[in-house]
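Asks:
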Amino acid sequence: MIAGVRKAVGAATPYVPGKTVEEVRRELGLQKIVKLGSNENPYGPFPAARRAMTEEIARINTYPDVSFHEIKSLIGERFGLGPEWVAISHGAEGMLQTLGKVFLEPGDEAILSRATYGLYREISLVMGATLKEIMLKDDLSVNLREMERAITGRTKLLWLNNPNNPTGMLLPKKSVENLAKRLPRGVWLVLDEAYAEFASPEELPSVAKLLEAECGLIVVRTFSKAWGLAGARIGYALARPEMVRIIDTVSEPFNANRIAIAGASASLKEDEAAFNQALAATVRERERVAKALRDMGGTTLPSHTNFLFVTFRADAGEVSVKLLRKGVIVRPCGGWGFGCSLRVTIGTPEQNDFFLEALRGVLSGDGEGGA
Ligand code: PMP
Numbered sequence: 027m028i029a030g031v032r033k034a035v036g037a038a039t040p041y042v043p044g045k046t047v048e049e050v051r052r053e054l055g056l057q058k059i060v061k062l063g064s065n066e067n068p069y070g071p072f073p074a075a076r077r078a079m080t081e082e083i084a085r086i087n088t089y090p091d092v093s094f095h096e097i098k099s100l101i102g103e104r105f106g107l108g109p110e111w112v113a114i115s116h117g118a119e120g121m122l123q124t125l126g127k128v129f130l131e132p133g134d135e136a137i138l139s140r141a142t143y144g145l146y147r148e149i150s151l152v153m154g155a156t157l158k159e160i161m162l163k164d165d166l167s168v169n170l171r172e173m174e175r176a177i178t179g180r181t182k183l184l185w186l187n188n189p190n191n192p193t194g195m196l197l198p199k200k201s202v203e204n205l206a207k208r209l210p211r212g213v214w215l216v217l218d219e220a221y222a223e224f225a226s227p228e229e230l231p232s233v234a235k236l237l238e239a240e241c242g243l244i245v246v247r248t249f250s251k252a253w254g255l256a257g258a259r260i261g262y263a264l265a266r267p268e269m270v271r272i273i274d275t276v277s278e279p280f281n282a283n284r285i286a287i288a289g290a291s292a293s294l295k296e297d298e299a300a301f302n303q304a305l306a307a308t309v310r311e312r313e314r315v316a317k318a319l320r321d322m323g324g325t326t327l328p329s330h331t332n333f334l335f336v337t338f339r340a341d342a343g344e345v346s347v348k349l350l351r352k353g354v355i356v357r358p359c360g361g362w363g364f365g366c367s368l369r370v371t372i373g374t375p376e377q378n379d380f381f382l383e384a385l386r387g388v389l390s391g392d393g394e395g396g397a
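Going by the working numbering, the residue at position 189 of the sequence shown is 215; the numbering climbs one at a time, nothing skipped.
(1) In angstroms with no decimal places, state the Cα-to-Cα distance between Val233 and Thr39.
(2) Determine whether the beta carbon atoms of Ala113 and Ile273 lie at a separation below 8 angstroms.
(3) Name, in chain order, the residues that DSSP records as bridge partners for Arg312.
(4) Only counting runs of 4 or more residues, tell me where the alpha helix (DSSP H) segments fall wholly within the stretch 282 to 367, in order along the chain.
(5) DSSP puts Pro218 in a beta bridge; with which residues?
(6) Taking 7 angstroms as the cut-off, does the CB of Ala306 come closer than this to any heavy atom belonging to ligand 1?
(7) Skipping 5 residues on each side, what residues in its chain have a beta carbon closer than 6 angstroms to that of Glu223?
(8) With a threshold of 16 other CB atoms inside 10 Å of the CB of Pro68, please say whether the residue is buried or exposed.
(9) Based on DSSP bridge pairs, tell me the residues matched to Gly70.
(10) Classify Thr7 as helix, strand or coil using the three-state DSSP reduction.
(11) Among the residues of its own chain, which have a CB less than 7 angstroms from the CB of Val370, if the five just before and after it don't count?
(12) With Thr124 as the anchor, note down where its beta strand (DSSP E) starts and where it stops.
(13) Which residues bound the alpha helix (DSSP H) around Gly44?
(14) Along the chain, where does the beta strand (DSSP E) that runs through Gln156 open and close?
(15) Going by DSSP, name the residue or residues bridged to Tyr262.
(16) Measuring only the C-alpha atoms, how far is Ala258 from Leu319?
(17) Would Leu264 pass as a contact of Val245 if the rule is Cβ separation under 8 angstroms?
(18) Could you name the residues of the same chain whose beta carbon sits closer than 8 angstroms to that of Asn204, not counting the 5 residues immediately before and after it, in chain order?
(19) Quick one: using the 10 Å Cβ neighbour count with 16 as the cut-off for buried, is Ser250 buried or exposed?
(20) Quick check on the burial criterion: 16 or more other C-beta atoms within 10 angstroms. Buried or exposed for Ile285?
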């Protein structure tokens, strides 16, 4: 440890992002690279967002509107809530970091699933909290009952990703709603719905109702996935107005940039058609790719996201290295304890075909001595 650095910081490890196209090009000198490792949206940014962001460059010498009034109103409208129920952040990540700062101090406990988005763990550790990691159920769904049973007098936060990364599975709406309603006072459920747009709306918990009923709930969402703005870095939380005021106080003041706000606002106002088209294409391709993977001998989980979790009888780390040499970036799931599973983002039909063809080659051992 470097002298002077907080002890809790030493417990955390850096977030491991998916490989970028630039990195792979540099390392392997490949021309064609298909990135299906970071759950981005191949159809974004949508046309109105693109236009608005380009125009906004002219105003980049000035700070953004720190009240974020317009974007908060546009987001709120979608959930039947006023702008005072919305907090803006630099990606969902920024919001998760802020929530860590709002709630966690040394000695507190944070409960999370053993196989979920990695940042919850690191944020909790940096804040000096103790982790309680709950194993998935046998069907690989998040064990909500055990998460609830793990609550003690020291618990502050439950980090819950629904649908869950990396499995793509969705919890029954009622079980999430019941958990939110039963939380003891002072225990908060951070419900990360980064991929919620890819699920059927009627299968998602009714967050506005839960918030209005004063449940200890904070919902986190992002423009990075279904809205195709991952590089712009903008996310948000839905929470009760008194909690939004706390979040806004703890966040850095200008925690979303002009370009991101312009893009997200324009998309919410004018990109509905493009958004729906992209969503439909992703859902359609999700079914097609899942079937193709099963035809190759893989086992897939039911996905409610823009990625698939697939398991083969082969070392996924090796498979992913071989795929990389063929120009396909996917995410091996060994770090989550699934040594034979891959997480693969749903791309365009052409990208998906390129991936499936490469995988077929890897699994049949073409020129590489097998997977
Ligand atoms: N939550 C989950 C579950 C994610 O998978 C991701 C990104 N991979 C994030 C949050 C962070 O998203 P953002 O780009 O909005 O920071």
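C-beta atoms are modelled at their ideal positions from N, C-alpha and C, and glycine is treated no differently.
Just so it is clear, the structure is predicted and the values come from calculations on it, not from any experiment.
Replies: On the basis of the supplied data:
(1) 32 angstroms
(2) yes
(3) The partner list for Arg312 (beta bridge, DSSP) is empty, contrary to what the question assumes.
(4) 284 to 296, 298 to 321 and 342 to 351
(5) For the record, residue 218 in the displayed sequence is Asp; it is not Pro. Its beta-bridge partners are Asn187 and Val246.
(6) no
(7) Ala252
(8) buried
(9) DSSP, once it has assigned bridges, lists no residue as partnering Gly70.
(10) It is not possible to answer for residue 7, since the shown part of the chain is limited to 27 through 397.
(11) Leu62, Phe333, Leu334, Val336, Val356 and Phe381
(12) Looking at the DSSP string, Thr124 is not in any beta strand (DSSP E); the run it does join, the alpha helix (DSSP H), is Gly117 to Phe129.
(13) Gly44 -> no alpha helix (DSSP H), and no H or E assigned at all.
(14) This sequence places Thr at residue 156; Gln is not what is there. Per DSSP, Thr156 belongs to the beta strand (DSSP E) from Thr156 to Ile160.
(15) Ile114 and Arg247
(16) 32 angstroms
(17) yes
(18) none
(19) buried
(20) buried
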